[in-house]
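Here's the structure we're looking at; comments come further down.
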Amino acid sequence: MDHFLSMDAFVRVAEVGSFAEVARQLNVSKSVVTTRVQQLEDFVGSSLFHRSTRTVRLSEVGQTYFDECAQVVSHANQVVDLMRQYRGSPRGQLRVHAIPGLVLDHMAASLMRFQARHPSISFDFVVDDMVIDPIREGFDCVLQIFAPISEDLVQKKLLPVRRIFCAAPDYLANHPPILHPLDLPSHKLGLYSRYPTKDKWTFDDGYEQIELELKPAVRSNAIHFLKEIALASGAVVCLPTIVAARHILEGRLVPILRGYRLPSYWLSAVFPKTQRNTVKLRLFLEHLARDFSENPAWDVALINQGLLPAMPDTPL
0 MDHFLSMDAF VRVAEVGSFA EVARQLNVSK SVVTTRVQQL EDFVGSSLFH RSTRTVRLSE
60 VGQTYFDECA QVVSHANQVV DLMRQYRGSP RGQLRVHAIP GLVLDHMAAS LMRFQARHPS
120 ISFDFVVDDM VIDPIREGFD CVLQIFAPIS EDLVQKKLLP VRRIFCAAPD YLANHPPILH
180 PLDLPSHKLG LYSRYPTKDK WTFDDGYEQI ELELKPAVRS NAIHFLKEIA LASGAVVCLP
240 TIVAARHILE GRLVPILRGY RLPSYWLSAV FPKTQRNTVK LRLFLEHLAR DFSENPAWDV
300 ALINQGLLPA MPDTPL
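Residue numbers (numbering that gives the first Met the number 0): 0 to 315.
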């Protein structure tokens, strides 16, 4: 029995809850994964999992051994990565999940810059608006604004994501002016459905805070869908500046309520603790931290033209 391969299979099945998914991750047959776990169970002398047709969960004995095995596997993977680093350039695949707004507007160019430096690292990049558990779904990391954090995950904050209300010039020319947050309820609004505050909004002009409940005409979990509604002169929408900045600077969207600041949020990389020190992930996250600073270029461009408040804020 190869103790490391058996422990690696055991840890992966415990994290994902599926022999078939682990087989897919390792590019081996399900029977290979099953055999490796059974060999470890034979060595321990007890079942490590309770198995049913629908679920796989740790037994009491499995829970006892899991933390230690996970540490051994993580440390061994770190050593292998370090050996690769000293032998030559880091290599292998990173499986990353990201939200569309980030990828479509800025991540593609950043990814190409990273691969120019590290050509032996490839990516399986999945893009959608779903909130993903990287362990259960088999990702090395997820890049999200609202990501669930458990004790098995690590969160690395990358950049603050500011938001701005905006509309197309045609919409503003054909509707009453919006000079104060209290003017918003009389307009057709398009709002993102996954903000933690839901329909409650806080506007801050540096002197007072105004709290409003806004009921949108269109609610969506897809930022780019809302952006297209705004570009079509369909509504006033609230967009992250990472998505809106280019269209504002090109004159296709007009920011409103420029003197008011909205609470911002963190874009974070979330990844399993077992991946914390793998070289290829560390290099990728260091690259993102350099590319996406706390004063991103799109915000600076808006601030310099007086289109976004320069008041400091603390992301939630």
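Beta carbons: idealized from backbone N, C-alpha and C, even for Gly.
Beta-carbon separation (whole angstroms), residue i vs residue j, contact threshold 8 Å
| i | j | result |
| --- | --- | --- |
| residue 137 | residue 90 | With 8 Å as the limit, residue 137 and residue 90 do not qualify as a contact, their Cβ atoms being about 19 Å apart. |
| residue 157 | residue 268 | 6 Å |
| residue 213 | residue 256 | Between residue 256 and residue 213 the Cβ distance is about 12 Å, and since that is not below 8 Å, they are no contact. |
| residue 219 | residue 167 | With 8 Å as the limit, residue 219 and residue 167 do not qualify as a contact, their Cβ atoms being about 17 Å apart. |
| residue 160 | residue 266 | 5 Å |
| residue 3 | residue 39 | Incorrect: roughly 10 Å between the Cβ atoms, too far for contact. |
Spatial distance of residue i from residue j (CA atoms)
| i | j | result |
| --- | --- | --- |
| residue 131 | residue 15 | 13 Å |
| residue 134 | residue 116 | 28 Å |
| residue 35 | residue 99 | 38 Å |
| residue 179 | residue 173 | 18 Å |
| residue 225 | residue 300 | 22 Å |
| residue 72 | residue 241 | 38 Å |
| residue 121 | residue 114 | 8 Å |
| residue 210 | residue 32 | 55 Å |
| residue 191 | residue 260 | 17 Å |
| residue 205 | residue 254 | 18 Å |
| residue 75 | residue 271 | 15 Å |
| residue 238 | residue 246 | 11 Å |
| residue 228 | residue 189 | 8 Å |
| residue 107 | residue 124 | 10 Å |
| residue 208 | residue 50 | 54 Å |
| residue 140 | residue 97 | 9 Å |
| residue 199 | residue 152 | 29 Å |
| residue 287 | residue 294 | 13 Å |
| residue 170 | residue 304 | 22 Å |
| residue 69 | residue 25 | 17 Å |
| residue 12 | residue 0 | 18 Å |
| residue 6 | residue 57 | 14 Å |
Host beta strand (DSSP E) of residue i (start-end)
| i | result |
| --- | --- |
| residue 266 | 264-271 |
| residue 160 | 152-160 |
| residue 49 | 48-50 |
Per-residue DSSP class, three states only, for residue i
| i | result |
| --- | --- |
| residue 216 | coil |
| residue 309 | coil |
| residue 57 | strand |
| residue 130 | coil |
| residue 22 | helix |
| residue 186 | coil |
| residue 231 | coil |
| residue 63 | helix |
| residue 173 | coil |
| residue 178 | coil |
Range of the contiguous alpha helix (DSSP H) that encloses residue i
| i | result |
| --- | --- |
| residue 41 | 29-43 |
| residue 243 | 240-248 |
| residue 149 | Per DSSP, residue 149 belongs to no alpha helix (DSSP H) and is neither H nor E. |
| residue 13 | 2-15 |
| residue 113 | 107-116 |
| residue 303 | 296-303 |
| residue 283 | 278-290 |
One or two residues paired with residue i in a DSSP bridge
| i | result |
| --- | --- |
| residue 121 | 92 |
| residue 166 | 253 |
| residue 201 | 210 |
| residue 191 | 219 |
| residue 142 | 97, 268 |
| residue 237 | 164 |
| residue 260 | 203 |
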